[in-house]
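Worksheet: one structure, shown below.
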Amino acid sequence: MSIGENLSGIRSTLPEGVRLCAVSKFHAVEKISEAYAAGQRIFGESRVQELCSKVAQLPSDIEWHFIGHLQTNKVRQLVPVASMIESVDSVRLLTEINRCAEKIGKVMPVLLEVHVASEESKTGFAPDECRAFLSSGQWRTAMPNIRICGLMAMATNTDCEATVAADFATAEQLFGEFKQQFFAGDAAFSIRSWGMSGDYQIALRHSANIVRIGTAIFGLREY
Ligand SMILES: *Cc1c(COP(=O)(O)O)cnc(C)c1O
272 MSIGENLSGI RSTLPEGVRL CAVSKFHAVE KISEAYAAGQ RIFGESRVQE
322 LCSKVAQLPS DIEWHFIGHL QTNKVRQLVP VASMIESVDS VRLLTEINRC
372 AEKIGKVMPV LLEVHVASEE SKTGFAPDEC RAFLSSGQWR TAMPNIRICG
422 LMAMATNTDC EATVAADFAT AEQLFGEFKQ QFFAGDAAFS IRSWGMSGDY
472 QIALRHSANI VRIGTAIFGL REY
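Numbering (our numbering), first residue to last: 272 to 494.
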């Protein structure tokens, strides 16, 4: 199947209001162009260098979402070119994003990545850590150049559907709690980014409104 066929197959299963982030990491610019020609405009990348190189070679109306582990020293390069940084997992990173965004007069949309999986290895704020940061209110006063638009999460990497569903349920519950507690009057806080190729159907049942899909669109990655 072609990239265009994969995309239309996936799109036909997404409810109204759910956006598709096509995860193009490790895939060639030609493949991204093919997806672009099929109407895709949101792409996800996990390395700053790779993202910047692709930005320079592809149409400017692409929305680039950063979804990988981000090092503080790469933030300055990323902020001008990213439409959204989905994988923010520390206060230190938020502080640096705010600082770099301020320098170029941008308000940077971000998602807070929450750790809901049972693996130790997964990144993200622990729920309590995220709650404590939001309670502190420091983002309201000290970080005017970031806009917190919602949460990102990854489920445990397992074939056990019940485990994956429980992880997404946790993410959904945290979103509801934070929305009510901290963002009740803030329409921007609306994004629930969870679900990948193998588990996005389950994520949709837990109110995902961005799904991040790579393999099911582009095939296997060659690292
Ligand atoms: C690579 C990646 C994806 C896409 O995974 P697929 O299984 O290829 O769909 C989604 N989200 C994040 C954070 C990723 O790193």
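Note that CB positions come from ideal geometry on N, CA and C, so glycine has one too.
Just so we're clear, the structure is a prediction, and the values are computed from it rather than from any experiment.
Determine the direct distance from the alpha carbon of Ser304 to that of Gly469, and round the result to whole angstroms.
-> 24 angstroms
Measure the Cβ-Cβ separation of Leu349 and Ile338 and say whether it is below 8 angstroms.
-> no
Would DSSP call Cys323 helix, strand or coil?
-> helix
In this structure, does DSSP put Phe439 in helix, strand or coil?
-> helix
Can you tell which of Val482, Ala353, Cys292 has the C-alpha that lies nearest to the C-alpha of Ala372?
-> Ala353
Which full runs of the beta strand (DSSP E) of 3+ residues lie inside the region 384-445, going along the chain?
-> 417-425
Looking at Ala353 and ligand 1, is the gap between the Cβ and the nearest heavy atom below 7 angstroms?
-> no
Is it the case that the CB of Arg463 approaches a heavy atom of ligand 3 more closely than 7 angstroms?
-> Although ligand 3 was asked about, the structure shown includes only ligand 1 as ligands.
With C-beta atoms as the reference, is Ile333 less than 8 angstroms away from Leu382?
-> no
Take the Cβ of Met414 as the centre, count every other Cβ of all protein chains shown within 10 Å, and call the residue buried at 16 or more, exposed below.
-> buried
Cβ separation of Ile484 and Leu291, assumed to be a contact under 8 angstroms, to the nearest whole Å | 6 angstroms
Residues that DSSP places opposite His336 in a beta bridge | Gly315, Met355
For Ala293, which of helix, strand or coil comes out of DSSP?
-> strand
Just checking my contact of Asn277 with Ala424 at CB under 8 angstroms: how many whole Å lie between their CB atoms?
-> Asn277 to Ala424, Cβ: 24 angstroms. No contact.
When we look at the beta-carbon of Met272 and count the other beta-carbons within 10 Å, is it buried (16 or more) or exposed?
-> exposed
CB Leu341 to CB Ser324, shorter than 8 angstroms?
-> no
Straight-line Cα distance separating Lys450 from Ala458 | 10 angstroms
Is it the case that the CB of Met425 approaches a heavy atom of ligand 1 more closely than 7 angstroms?
-> yes
How about Phe314 and Ala293: do their beta carbons lie closer than 8 angstroms?
-> yes
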